[in-house]
Amino acid sequence: MSTTRKTPWLLITLCTLALAAASVAGTWYYVTRVESATAPVQPPAAPELVTIPPLTVNLQNPQHEQRLLYIGFAITVGDKASQTFLQPYVPQLRSQLFKLLGEQDSTALMTSQGKSALAAKVLELVKRPLTTPQPELSILDVLYTDFIVQ
Numbered sequence: 002m003s004t005t006r007k008t009p010w011l012l013i014t015l016c017t018l019a020l021a022a023a024s025v026a027g028t029w030y031y032v033t034r035v036e037s038a039t040a041p042v043q044p045p046a047a048p049e050l051v052t053i054p055p056l057t058v059n060l061q062n063p064q065h066e067q068r069l070l071y072i073g074f075a076i077t078v079g080d081k082a083s084q085t086f087l088q089p090y091v092p093q094l095r096s097q098l099f100k101l102l103g104e105q106d107s108t109a110l111m112t113s114q115g116k117s118a119l120a121a122k123v124l125e126l127v128k129r130p131l132t133t134p135q136p137e138l139s140i141l142d143v144l145y146t147d148f149i150v151q
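Under the working numbering, residues 2 to 151 are what the sequence shown spells out, in order.
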């Protein structure tokens with residue numbers, strides 16, 4: 002009779018140990034999943050920019066009216082080497098931009114399509130070689146910082 006009384010206690014002890022092991026395993030799984038989910042997310046790196054100071058240019062107009070364009074740019078580059086290379090050439094870029102902007106039609110620049118077309122032309126101009134030989138530059142985009150047609 003003594004063996005039948007020990008069997009329920011042995012079964013209860015084994016169930017308690019199994020529940021404790023499952024609880025520890027569940028807690029470990031939850032903690033490791035929450036820690037990996039709440040790991041700090043690295044913010045994206047700030048873009049590298051080359052700023053072109055604002056320019057004021059006389060525009061062409063079909064009605065031969067006097068129009069002015071006040072415009073500023075920032076060139077987005079992909080790496081620090083491109084930014085460092087372009088900085089000394091900002092005066093040369095400004096000179097080329099004066100020529101390009103002076104050829105623009107004021108009525109076209111007042112539309113969003115005209116602004117997009119001008120940004121594409123400026124991007125093409127900036128991608129042209131400035132010196133020979135020139136390293137490979139990572140030029141991504143042209144951003145307007147100022148834009149007034151008057």
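Just so you know, even glycine gets a beta-carbon here, dropped at the ideal spot from N, CA and C. For clarity, every value in this text was computed on a predicted model and none was experimentally measured.
Check                                                                                                              : Outcome
Start and end residues, beta strand (DSSP E) containing Glu-49                                                     : 49-60
Short Cβ contact (7 Å threshold) for Gln-151 with Leu-56                                                           : no
Close-in-space but distant-in-sequence residues of the same chain around Tyr-90 (CB under 7 Å, 5 per side omitted) : Leu-131
Reduced DSSP category for Ala-75 - H, G, I as helix; E, B as strand; rest coil                                     : strand
Where the alpha helix (DSSP H) through Leu-124 begins and ends                                                     : 113-128
Closest by C-alpha distance to Tyr-71, when choosing among Leu-110, Ala-82, Pro-48 and Lys-81                      : Leu-110
Exposed unless 16 or more other CB atoms sit within 10 angstroms - verdict on Ser-139                              : exposed
Enclosing beta strand (DSSP E) for Thr-146 [first to last residue]                                                 : 140-150
Residues bridged to Leu-69 (per DSSP)                                                                              : Asn-59
DSSP bridge partner residues for Asp-106 (one or two, in chain order)                                              : Gln-61
Length of the line joining the Cα atoms of Met-2 and Leu-15                                                        : With a pLDDT of 48 at Met-2, under the threshold of 50, the modelled position of this residue cannot be trusted, and the question is left open.
Same chain, Cβ closer than 6 Å to Val-123, neighbours up to 5 away in sequence not counted                         : Val-143
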